[in-house]
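These notes are about the structure you will find just below.
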Amino acid sequence: MRLMLVTGSAVSYLSLHFINRYGMLLKILSKFELRRLCRVTGVTVLARVRVPMAEEIKFCDVVETVEIRDRRSVFRQGGERTVNYLDEIERSIDVAVNNVKSFAKDNRLVAGAGAFEIELARSLLAHGERIPGLTQSLQIIPRTLDENAGFDSTAEIANLFALHEQSSATLGFSVEEGGQIDAAEERIFDSHAIKLIRLATDAALNDK
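Read left to right, the sequence shown gives residues 1 to 208 (full-length UniProt numbering).
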């Protein structure tokens, strides 16, 4: 059994010495991140240093640091509040069924991996001053793909914009290796029906 100690304040060198031998120290400066970790694991935040009670101590099956490009991330697996796999299976089935329904109504496809949104945002840049914020909102999907994969979304989106200017309209983001990927060649597509954002755009433009 190993101990993992989470703190948001400074730790003395003597404490680090013992923690390094018998456990792991995770220092989280953000109170928001600290509260989120507590909700995920079910632990209780101790406002002052004292011996925790038995019901305040929780467990995880695996806690490890993983390096993704130039960043180090801490991952946890298992524990008392692990997501119910049956709920995830149900959600996956719902998504699959809805995809089949969408293709049955409209079988047209567009490039995935964020390529469609980048190309549409690039096309609207000429009208950016007339519709401020719309091009930024179209970048939400590729930016989310970048950030969830652990990459620098700002740099990746800038690179995609530059490549799309060179008539590479199907280039998107690779979540496995980083960088760019040709969605058409890799057969990564999205349904044309779910990209119909005309009504949402009209609502945004008319909301004054």
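Where is the CB? At the ideal position from N, CA and C, for every residue including glycine. Here the structure is a predicted model, which means the values were calculated and not measured.
Bridge pairing for L109: S191 [DSSP]. For the options I141, G178, R35 and E117, the alpha carbon positioned closest to that of E156 is the one of G178. Here F173 is buried, its C-beta having at least 16 other C-beta atoms within 10 Å. Around the beta carbon of E119, 16 or more other beta carbons sit within 10 angstroms, so the residue counts as buried.
In the DSSP assignment, Q139 forms no beta bridge with any residue.
Note: F173 is bridge-paired with Q180 in the DSSP secondary-structure output. L26 and T144 have their C-alpha atoms spaced approximately 26 Å apart.
A direct Cα-to-Cα measurement between T170 and L16 gives close to 50 Å. Burial state of L125 is exposed, judged by a 10 Å Cβ sphere holding fewer than 16 other Cβ atoms.
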